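**Student:** Before we start, here is the structure in question, set down as structure tokens.
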Amino acid sequence: MIKNDLFLRALKGESVERPPVWMMRQAGRYLPDFMKLKEKYDFFTRCRTPELATEITIMPIKQIGTDAAILFSDILVVPQAMNIEVEMKPGVGPWLPNPVRSMEDVHKVNVPDVEETLGYVLEAIKMTKKELNNEVPLIGFAGSPWTILCYAVQGQGSKNFDIAKQFCFTNPQAAHLLLQKITDTTISYLKAKVAAGVDAVQVFDSWGGMLSPADYKEFSWKYIQQIIDALKNDIPVIAFGKGCWFALDEMAKSGASALGVDWTCSPKTARELTGGEITLQGNFDPSRLFSPPEIIKGMVHDMINEFGKDKYIVNLGHGILPNIPVENAQAFVDAVKEYKHGN
């Protein structure tokens, strides 16, 4: 049994003494020990070396005391496994030298054997579970099919993913075939993660908010729904769509155990849109971690009171920024641990 099971209890909707807390990208660049490893090993080496991935995953548990660990990896290991080359370029971020731009390109994309192509992730899960020694749960994750398509077609990060959207709207048949291939791979990948020992999974739809509500249904949500349907009987699934508040009502009916909310949607609105029954996760503005620790603590307590302590997981509204002082991240976590109902 996991000693600190607050996170899993919140996912089940059980009443808790305080909500659990973790942070997206918590095993990252704001931690000095992470930077030491970053100087030694390039990004995908860290992802592909189970010992390194394990060490990085455990850093925030030991150093700032979050209630759940999330495996150090990247959403772009999935397209890599599908025969789409992905590099991490310094100063640029993800770089795909041969973006998918035609039906011919889509046909070259594989639905791989995930044990074979992503075995290093599964090894890292087993190693991390052993190291965690049942202290806290471990979260596995994947990008949403739409978010992966954005990178695969655009070829790099973008403010508006115009090339990706153009591809979907001018060649919907190729787009849907690519989305389905990514969905099938993601389902196999997450099922393999469950078998390897993760306690929950999260689907990150980082670029869902780029789409109109109608296009979101067509090009993103229906594929996320397939993933939820395939996994919800095996494990709790968290769906997080950045900028997708307009879909929260539909997401709440999906069978997901929890929904992530970004900082542009108030707790009150999120509860109203989701009918008040489902566990919500979020939604502190990551930039607010630049505020002084005492301000952070007050804001976190207000946020918990607005969401309510039950059916709620404290988190940021997106990933932690690399230049946040460690003591401010610590203040965020401590504020939750010090929370007393109604203060």
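At the far end of the sequence shown sits residue 342, using numbering that gives the first Met the number 0, and the numbering has no gaps. Where a beta carbon is used, it is the ideal one built from N, C-alpha and C, also for glycine. These numbers come from a predicted model, not from an experiment.
1) Tell me which residue opens and which closes the beta strand (DSSP E) that residue 280 is part of.
2) Could you give the uninterrupted runs of the beta strand (DSSP E) lying entirely in the segment 197-285, keeping only those of 3 residues or more?
3) Can you check whether the C-beta of residue 167 is within less than 7 Å of a C-beta belonging to chain B?
4) Output the residue ranges of the beta strand (DSSP E) runs that lie fully inside the segment 26-95 and measure 3 residues or longer, sorted by chain position.
5) Under the three-state reduction of DSSP, which class applies to residue 142: helix, strand or coil?
6) Leaving aside the five residues before and after residue 114 along the sequence, list all residues of the same chain whose C-beta is less than 8 Å from its C-beta, in chain order.
7) Please go through the same chain and pick out, in chain order, the residues whose beta-carbon is closer than 8 Å to the beta-carbon of residue 283, but skip the five residues on each side of it.
8) Once the 5 residues before and after residue 173 are set aside, which same chain residues still bring their CB inside 6 Å of it?
9) Looking only at DSSP bridge pairs, what is residue 312 linked to?
10) Comparing alpha-carbon positions, which option in 208, 323, 307 lies nearest residue 16?
11) Looking at the unbroken alpha helix (DSSP H) that takes in residue 154, where does it start and where does it end?
12) In terms of residue numbering, what span does the alpha helix (DSSP H) encompassing residue 8 cover?
13) When we look at the beta-carbon of residue 31 and count the other beta-carbons within 10 Å, is it buried (16 or more) or exposed?
14) Taking only three categories from DSSP, how would you classify residue 299?
15) Say whether the segment 2-18 touches the segment 63-76, bearing in mind that this needs 3 or more beta-carbon pairs closer than 8 Å, one atom from each stretch.
16) Nearest-angstrom Cα distance between residue 128 and residue 168?
17) What is the DSSP secondary structure of residue 15, counted as helix, strand or coil?
18) Based on the DSSP secondary-structure assignment, which residues constitute the bridge partners of residue 385?
19) Reducing DSSP to helix, strand and coil, say where residue 137 ends up.
20) Among 180, 305, 225, which has the Cα closest to the Cα of residue 107?
21) Check for me: the alpha helix (DSSP H) holding residue 180 runs from which residue to which?
22) In chain order, what residues of the same chain lie with their CB nearer than 8 Å to the CB of residue 178, ignoring the 5 residues before and after it?
23) Would you say residue 53 and residue 26 are within 7 Å of each other, going by their C-beta atoms?
24) Can you round the beta-carbon distance between residue 267 and residue 305 to whole angstroms, since I take them to be within the 8 Å contact cut?
**Tutor:** So, from the data block:
1) 278-283
2) 199-204, 236-240, 257-260, 278-283
3) Of the protein chains in this structure there is only one, and it is not chain B.
4) 86-88, 92-94
5) strand
6) 121, 191
7) 262, 298, 299, 302, 313, 314, 315, 316, 331
8) 102, 105
9) 280
10) 307
11) Taken as a continuous stretch (DSSP letters only), residue 154 belongs to no alpha helix (DSSP H), as it is neither H nor E.
12) 5-11
13) exposed
14) helix
15) yes
16) 43 Å
17) coil
18) Outside the modelled stretch of the chain, which goes from 0 to 342, sits residue 385, for which no answer is possible.
19) strand
20) 180
21) 171-195
22) 144, 145, 148, 218, 222
23) no
24) 6 Å
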